[in-house]
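The structure appears right after this line, and notes come after that.
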Amino acid sequence: MNSHSSCGLSLRLKTGVTALLLFVFQMGLVSAAPLKVVTSVPDLADFARRVGGNLVEVLSLASGKENPHAVALKPSYIAKIRSADLFIQMGLDMEHAYAPALLAEARNLRLQPGKEGFLDLGEDVQALGVPAVLDRAGGDVHPKGNPHYNLDPVQAQRMVRAIGARLALLRPAEAVLFRANADAYVREIEERLGSWKARLRGKGVRFISYHPDFAYFEERFGVRQEGTIEPKPGIDPGPAHIEALVRDMQTRKIRLIVKESFYSDRVPLELARRTGAVLVSVPIFVGATPEARDYLSMMDALVSAFTK
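With this note's numbering applied, the sequence shown corresponds to residues 454 to 761, in that order.
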């Protein structure tokens with residue numbers, strides 16, 4: 454075979470392979486690569502996985518075991534964000550200590566605020582605890598309000614729907630599937646919500662916690678947070694505050710101390726010993742404890758702690 458014949462055969466083979474691949478892709482036999490999703494906290498990762506299924510690859514920057522306001526900045530996160538299609542955050546300044554820096558360093562234009570690849574779920578929240586005065590003397594205040602709305606299952610349903618809508622926007626061909634998955638998860642949360650309400654209804658639960666994390670949980674389920682171990686958000690308790698808290702708990706007969714799992718046991722144990730209160734350590738994010746495998750099991754564990 455001469456060189457001209459060999460070149461012609463090679464060209465025909467390449468053309469044939471290209472045409473075959475194009476035909477296979479058009480017939481839907483080759484699927485697009487999964488959308489790469491990065492979330493700030495694992496609750497949002499759980500929502501994205503349930504909505505996206507095998508059409509998404511999801512990474513959560515936080516594990517759920519650490520304080521959500523102080524997530525470690527890992528260099529490996531930059532590479533993940535740089536190649537991501539969607540970044541999802543709680544907002545209301547929950548991630549202000551790390552997310553803006555990571556997004557800036559990654560230089561992914563798709564994930565900048567205002568772009569389709571950036572989803573701030575706090576933008577549509579009617580926030581509780583918005584401070585009347587912005588003053589650092591008040592501790593680590595959140596100017597936009599309390600960001601712990603993930604503990605309200607109704608807010609969780611809203612977040613699931615928003616994630617489904619954004620995935621559908623990024624990949625219109627799968628929009629029907631994303632919306633169907635979102636609807637199914639919303640129904641599952643609704644079914645559990647009735648059970649959670651029934652377990653807490655009429656209990657008259659009054660408690661103190663370490664940090665003011667439970668405002669939305671309190672409003673949804675009718676429990677009452679009567680104080681915090683921190684004298685002000687982000688400020689460690691001193692002896693005078695501990696003494697005042699002991700007297701207050703004894704006078705008002707507060708018998709439950711709820712400690713978010715990532716805080717120290719030292720002061721809560723002292724308060725429990727001196728007041729006779731029950732101390733329970735609870736997850737407030739997916740992954741915080743072995744029981745909190747996903748959003749539904751996390752909420753199950755949280756409700757169970759309040760019914761002791």
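Positions of the beta carbon are idealized from the N, C-alpha and C atoms, including for glycine.
State the start and end residues of the unbroken beta strand (DSSP E) segment that holds residue i.
| i | result |
| --- | --- |
| Q542 | 539 to 542 |
| G680 | 677 to 681 |
| V720 | Where V720 is concerned, there is no enclosing beta strand (DSSP E), although the alpha helix (DSSP H) it sits in stretches over 719 to 728. |
| S513 | 509 to 513 |
| V639 | Looking at the DSSP string, V639 is not in any beta strand (DSSP E); the run it does join, the alpha helix (DSSP H), is 628 to 653. |
| R503 | Here R503 belongs to no beta strand (DSSP E); instead the alpha helix (DSSP H) covers 495 to 505. |
Taking the alpha helix (DSSP H) that residue i falls in, what are its first and last residues?
| i | result |
| --- | --- |
| I616 | 606 to 623 |
Do you know how far the Cα of residue j is from the Cα of residue i?
| i | j | result |
| --- | --- | --- |
| G505 | W649 | 26 Å |
| R652 | D701 | 27 Å |
| D499 | N561 | 23 Å |
| Y602 | M751 | 14 Å |
| K761 | S513 | 31 Å |
| Q479 | A618 | With a pLDDT of 43 at Q479, under the threshold of 50, the modelled position of that residue is not reliable, and the figure given next carries that caveat. Straight-line Cα distance between these residues: approximately 25 Å. |
| D689 | S717 | 11 Å |
| R624 | V583 | 36 Å |
| F674 | I642 | 15 Å |
| F660 | I695 | 15 Å |
| V509 | E558 | 23 Å |
| D496 | Q610 | 12 Å |
| R726 | R719 | 11 Å |
| V578 | A668 | 13 Å |
| K685 | V629 | 47 Å |
| L698 | P721 | 11 Å |
Inspect the beta-carbon positions of residue i and residue j and report whether they are closer than 8 Å.
| i | j | result |
| --- | --- | --- |
| I666 | K597 | Reading off the sequence shown, one finds Asp at residue 666, where the question assumed Ile. In this structure, K597 does not lie closer than 8 Å to D666 by Cβ. |
| S516 | G740 | yes |
| A525 | V511 | no |
| A764 | L572 | It is not possible to answer for residue 764, since the shown part of the chain is limited to 454 through 761. |
| T742 | Q703 | no |
| E576 | G544 | yes |
| V491 | A554 | no |
For residue i and residue j, which I take to be in contact (beta-carbon distance under 8 Å), what is that distance rounded to the nearest angstrom?
| i | j | result |
| --- | --- | --- |
| H522 | A486 | The Cβ separation is near 33 Å, so there is no contact. |
| F715 | K518 | 6 Å |
| H664 | E713 | 6 Å |
| P736 | A745 | 4 Å |
| E672 | L581 | 7 Å |
| V613 | V639 | 6 Å |
| Q542 | L574 | 7 Å |
| Can at least three beta-carbon pairs, one atom from the segment 528 to 542 and one from the segment 745 to 759, be found at a separation below 8 Å? | no
| said: Using a Cβ distance threshold of 8 Å, determine whether the segment 629 to 637 contacts the segment 600 to 609, with at least three qualifying pairs required. | reply: no
| message | I'd like to know if the segment 673 to 682 and the segment 705 to 721 are in contact, where contact means that at least 3 CB-CB pairs between them fall below 8 Å. | response | yes
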